[in-house]
Amino acid sequence: MAPGGDAGGDAGALDEDELRRLDEFLRSDATPETCMGLDQLDGFLNALVCGPSVLLPAEYLDQVLGARAAQPDLQIVTWITRLHEDIARQQAGPDDYQPLLRRGAERDGQGMVFTEAWCDGFLRGIVFCQDGWAPHFVALRAQLAPILDFAAEAARADDLLDASLRERALAVADELPAALTAIYSYWQRQRGAGPGLTGH
């Protein structure tokens, strides 16, 4: 898993060990099958940060962990909160955010990038706040297309290791940082234009 930005340079950001431990928890037997993985969580939180709604962890934890999940340890909630806050800081900064994407072994001399879970997480973040997003889909079509189109393509795929799908995943990974910056900038302009963008 490749972290976005330099985690070690920011006291609020999760370091590599914390990211690993959070990922292990999310994929462990302690969580239901509906729990998000770390890459999916990163996509989900980016949709919240970039989008119309300002939400607290208590409002979305069930979406992350699954509705039947037991109350998580405070450390888990703290890590999720810090990841959310770090994404918000980086999106507000001068550089494009670098998503957390799961990477696999090389195939045909090229490392594989599994972008589909991240895109699915972003889509789930949109659906979670769909009333705010819906009136803006036309204006954001070009910026959302790499994410939503690939999420749909991967959901239809019979073989996630298909060479053409993996090539597309790599291309989408390259497009994500600029797309996220454009989406974030759009919603910042919308927030500046008037009230009413804080609910979901």
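Take the sequence shown: its letters are residues 669 to 868, numbered as in the numbering used here. Virtual Cβ for every residue (Gly too), placed ideally from N, Cα, C. Note that the structure is a prediction, hence the values are computed from the model and not measured.
Beta-bridge partners assigned by DSSP to ARG770: PHE782. Nearest to TRP855 by C-alpha distance, out of ARG736, ASN714 and ARG689, is ASN714. Note on PHE805: under 16 other CB atoms within 10 angstroms of its CB, so exposed under the neighbour-count rule. The continuous alpha helix (DSSP H) containing HIS752 extends over residues 742 to 760. Excluding residues up to 5 positions away in sequence, PRO700 and THR702 lie with their Cβ nearer than 8 angstroms to the Cβ of ARG736 in the same chain. The residues LEU716, in chain order, have a CB closer than 6 angstroms to that of LEU723 in the same chain once the five nearest residues on each side in sequence are set aside. Residues MET669, PRO767, LEU768, LEU769, ARG770, PHE782, ALA785, TRP786 and GLY789 of the same chain have their beta carbon placed closer than 8 angstroms to that of ASP707, with the five preceding and five following residues left out of the count. Looking only at ALA822, PRO845, ASP763 and ILE744, the smallest Cα-Cα distance to ARG834 is reached by ALA822. With 16 or more other CB atoms across the displayed protein chains lying within 10 angstroms of its CB, PRO720 is buried.
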